[in-house]
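S.K.: Take a look at the following structure, please.
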Ligand code: NAI
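Residue numbers (UniProt numbering): 2 to 329.
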């Protein structure tokens, strides 16, 4: 029998945690033959709620779940972590400026990066979901200098999946018919969902749809503002779809992208496509043998260039702000 994989989840008592933990325990994060041990991190006030979720996980009798431990200390929670899902974050509250938001999250992601550096397993893979996800990932990564930088990623897979769904609806096809969708930049309203390289049943998606006005005025804003639309409709933020995207992100990273396709992940830039080195920005990536690689050589026209640049500029501003705060 295989040794269990240690999966640390922060913010375990939250909405996303509630949807995410059951799917991890059922084998959907890593594969149906991989046993997992869950290590849950919460703030002290929420430990009791996390214990309640752990009781339910026990009651689900998942054959692959070999244990659950709950912590309020990041050093203990990340000890031996092979996969770390950083979901817990400080949400923006009324009257909070961006600087306040970055500072509050720095107070979470700096110590968590340090704890990962000191205690995680050598093969640790980190996915940051908690917002502002790209910059929180940058803070954690810069505070974990002994961990290879490429192990820190942030989630744009929900945006990617939303883009697949919108394009499938427009074209009257199944999401399974679409390949090579790309989300560029920041997981924020400036993100750029790009269908110019996407394919529908093997043909160029933009040419197939043949509707530039739809791309500009409907598709891009719908994908970028979908989070707000969900809050408006549900009265609560997207949690199950976010958990589902987190499962997809890690599953793809570990098990690879299918031949002839790619996915979107926010990863440390190597300077590709003019994105300044080190920024954690979303790119088209392929995955193989547990490693990601940025897809090279795509032609970027002026329309796409302007949108990528605007989102990357926002990331650079966030980086400068957290640098000023001494967080990186
Ligand atoms: P939530 O508020 O229901 O849960 C967050 C949990 O994190 C709470 O239980 C809280 O106690 C915990 N927490 C706070 N600080 C912590 C710390 N220092 N250590 C451990 N746990 C801590 O929020 P929800 O809905 O689960 O969302 C979590 C985050 O994910 C939010 O930042 C949200 O904006 C973000 N998100 C990101 C998406 C993406 O596509 N990247 C999509 C949807 C949500």
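Cβ atoms here follow ideal geometry from the backbone N, Cα and C, with glycine treated the same way. Remember, it's a predicted structure, so these values are computed and weren't measured experimentally.
Should residue 296 and residue 263 be called a contact, given that it needs their Cβ atoms to be closer than 7 Å?
M.R.: Contact: yes.
S.K.: List in chain order the residues whose CB is within less than 6 Å of at least one heavy atom of the ligand NAI.
M.R.: Going along the chain, the residues that qualify are 11, 12, 14, 15, 16, 17, 18, 42, 43, 44, 47, 88, 89, 90, 92, 109, 130, 131, 132, 134, 156, 159, 188, 238, 239, 240, 243.
S.K.: Cα separation between residue 32 and residue 248?
M.R.: Taking the straight line joining both Cα atoms gives about 11 Å.
S.K.: To the nearest angstrom, how far is it from the Cα of residue 281 to the Cα of residue 119?
M.R.: Using only the alpha carbons, I get a separation of about 22 Å.
S.K.: For the candidate residues 208, 6, 159, 321, whose alpha-carbon lies nearest to that of residue 129?
M.R.: Per the Cα distances, 159.
S.K.: If you draw a straight line from the alpha carbon of residue 277 to that of residue 204, how long is it in whole angstroms?
M.R.: Taking the straight line from one Cα to the other gives about 32 Å.
S.K.: Evaluate contact between the region 20 to 32 and the region 54 to 63, counting only Cβ atoms and requiring at least three cross-stretch pairs below 8 Å.
M.R.: Yes: the two stretches touch, three or more of their Cβ pairs being nearer than 8 Å.
S.K.: To which residues does DSSP link residue 97 through a beta bridge?
M.R.: In DSSP, residue 97 forms no bridge with anything.
S.K.: Out of 5, 174, 164, 117, which one is the CA nearest neighbour of residue 66?
M.R.: Residue 5 is the option with its Cα nearest to residue 66.
S.K.: Can you tell me the Cβ-Cβ gap for residue 162 and residue 246, rounded? I've got them flagged as a contact below 8 Å.
M.R.: Contact flag correct, Cβ pair sits at about 6 Å.
S.K.: With 16 as the cutoff for other CB atoms within 10 Å, does residue 244 come out buried or exposed?
M.R.: When all chains shown are included, residue 244 counts as buried.
S.K.: Mind checking who residue 254 pairs with in its DSSP beta bridge?
M.R.: Answer is none; residue 254 lacks a bridge partner.
S.K.: May I ask you to report which of helix, strand or coil DSSP gives residue 219?
M.R.: It is helical.
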